[in-house]
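The next block holds one structure in the form of structure tokens; read it before the comments.
Residue numbers (the numbering used here): 573 to 1021.
What follows is the structure in structure tokens.
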């Protein structure tokens, strides 16, 4: 007998007053004004006689490698769970404090960031201390017509909604993990200065209402190129995505299948992704345009130059800067000066590769494959095809951050994801082989356990 046990834990991640929210634009100074709904770190710990693993879901946009390292080491020291068996994942809400060191998209408060990492570890420790005899089940369904591919007309989306259920010996759910993939920016449009978990939080709240005493966590999938339909970003319709997801989840849970807890596995691996060195003229072009516009107060044609690459929707930058077009243009120019300053420090000496961690967890026929990127749908669907499991959750924004990992379509077109993301991440751009390497490494790792 494997004597499976599990526990759940949750702590607050609500920010201090004066902390900036992240994402959504450049140098917005978007300090929060109210808490629409509270941020959490929610954890599950699962073990049998031979293996231990933990998952903690954070209501943050991204975290750094150092953040994940602190969480893992702190939790491991107290619980004995191997650090490589601890998954630290973000829901990617854009209504949460800045973290992860991204340039220009929210000033990081070091005190908050360190505290949040300790809180994440605390959630894991609480889950470990609450362990009880448990059994596990999983289910999956598809939710269509809720999301769209924002990088190409009629582009692919991943409609899979997958759930892991942890029950105590009385058949009462104590923890439910929900995996889906869509950029959670509904609340960002509706309540831009509010702290909020966005759609992931609403889904968890509604599932918890259906199962009193249960804690739900949301794992964000490959949403690098996928949003909820923009029609939901109004006061009247903003609750609809969570309602549809929860309705589908509750129906799918009626047909959940038992998992064999004897098959409990975890693995992590550092992989090396190919990149390409920035060309000097690419940096010079950004610096020259930025310097000239700042000097001459020039706004002519910016939507077709800096606006095309630096944002998916140039005119939205104006409204996010209070309707001040020059303020929006100046912020983008400031960014181009600052990112090139950073990159020029080691442009010629930096390795033309990027090392990053991938991780895989498995409970019977249920698996989680994770990476630190904003993964694209075409790549995620290749992982699904190569992994022979009926219940698969892709956990992106996990254990660090490497920005968008786009497919060949976007790399060829030098889009926001392919050409802008590496600038605020202080990285070299990815190439077509980067995504394919990630697919092969993730699939191989999960298939090996």
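Quick reminder that beta carbons are idealized off the backbone N, C-alpha and C, glycines included.
- Two segments are said to touch when three or more pairs of C-beta atoms, one from each, lie closer than 8 Å; by this definition the segment 602-619 touches the segment 767-776.
- Under DSSP, residue 963 shares a beta bridge with 938.
- One thing to note: residue 938 has its Cβ within 8 Å of the Cβ of residue 961.
- With a cut-off of 8 Å on Cβ pairs, the segment 962-977 is in contact with the segment 749-756, counting three or more such pairs.
- DSSP places residue 800 within a strand segment (E or B) once states are collapsed to three.
- Within the segment 763-808, the runs of alpha helix (DSSP H) that reach at least 4 residues and sit entirely inside it are, in chain order, 770-782.
- Within its own chain, the residues whose Cβ lies closer than 6 Å to the Cβ of residue 653, once the five positions on either side in sequence are excluded, are 624 and 626, listed in chain order.
- In the three-state scheme derived from DSSP, where H, G and I count as helix and E and B as strand, residue 981 is classed as helix.
- Secondary structure of residue 662 (DSSP, three-state): strand.
- Counting along the chain, residue 899 sits inside the alpha helix (DSSP H) bounded by residues 897-916.
- Secondary structure note for residue 879: its alpha helix (DSSP H) is the uninterrupted segment 878-882.
- Around the beta-carbon of residue 664, 16 or more other beta-carbon atoms lie within 10 Å, marking it buried.
- If you compare the alpha carbons of 952, 695 and 955 with that of residue 789, the shortest gap goes to 695.
- Around the beta-carbon of residue 650, fewer than 16 other beta-carbon atoms lie within 10 Å, marking it exposed.
- When DSSP states are grouped into helix, strand and coil, residue 757 belongs to the coil group.
- Taking C-beta separations shorter than 8 Å and ignoring five residues to either side along the sequence, the partners of residue 703 in its chain run 577, 578, 579, 617 and 619, following chain order.
- Around the C-beta of residue 666, 16 or more other C-beta atoms lie within 10 Å, and the residue is accordingly described as buried.
- Between residue 889 and residue 900, the CB-CB gap stays under 8 Å.
- Per DSSP, residue 1019 is one residue of the alpha helix (DSSP H) stretching across 1004-1019.
- Residue 860 counts as exposed, since fewer than 16 other C-beta atoms from the protein chains shown sit within 10 angstroms of its C-beta.
- When DSSP states are grouped into helix, strand and coil, residue 741 belongs to the coil group.
- With contacts defined by Cβ atoms closer than 8 Å, residue 736 and residue 699 do not form a contacting pair.
- For residue 743 and residue 707, the gap between their C-alpha atoms comes out near 8 Å.
- Shown here, residue 701 sits in a helix according to DSSP, grouped into three states.
- If you draw a straight line from the Cα of residue 647 to the Cα of residue 692, it is about 9 Å long.
- Scanning 575, 916, 934 and 886 for the CA closest to the CA of residue 598 turns up 886.
- Annotation for residue 732: 712 and 714 place their beta carbon closer than 7 Å to its own, counting only its chain and skipping 5 residues before and after.
- If you look at residue 860, you'll find it isn't in any beta strand (DSSP E); it sits in the alpha helix (DSSP H) that goes 852-868.
- DSSP places residue 623 outside any beta strand (DSSP E), giving it a letter other than H or E.
- When only Cα atoms are considered, residue 828 and residue 791 end up about 18 Å apart.
- Just measuring C-alpha positions, the residue of 977, 1001, 929 and 935 sitting nearest residue 970 is 929.
- Closest option to residue 951, judged by alpha-carbon separation, among 806, 1012 and 636: 1012.
- Between residue 718 and residue 816, the C-beta spacing is below 8 Å.
- Rounded to whole angstroms, the Cβ separation of residue 1021 and residue 837 is 4 Å, and the two are in contact under 8 Å.
- Beyond the five residues adjoining it in sequence on each side, residue 975 comes within less than 7 Å, by CB distance, of 945, 946, 993, 994, 997 and 999 in the same chain, given in chain order.
- By the 16-neighbour rule on beta-carbons within 10 angstroms, residue 1015 is buried.
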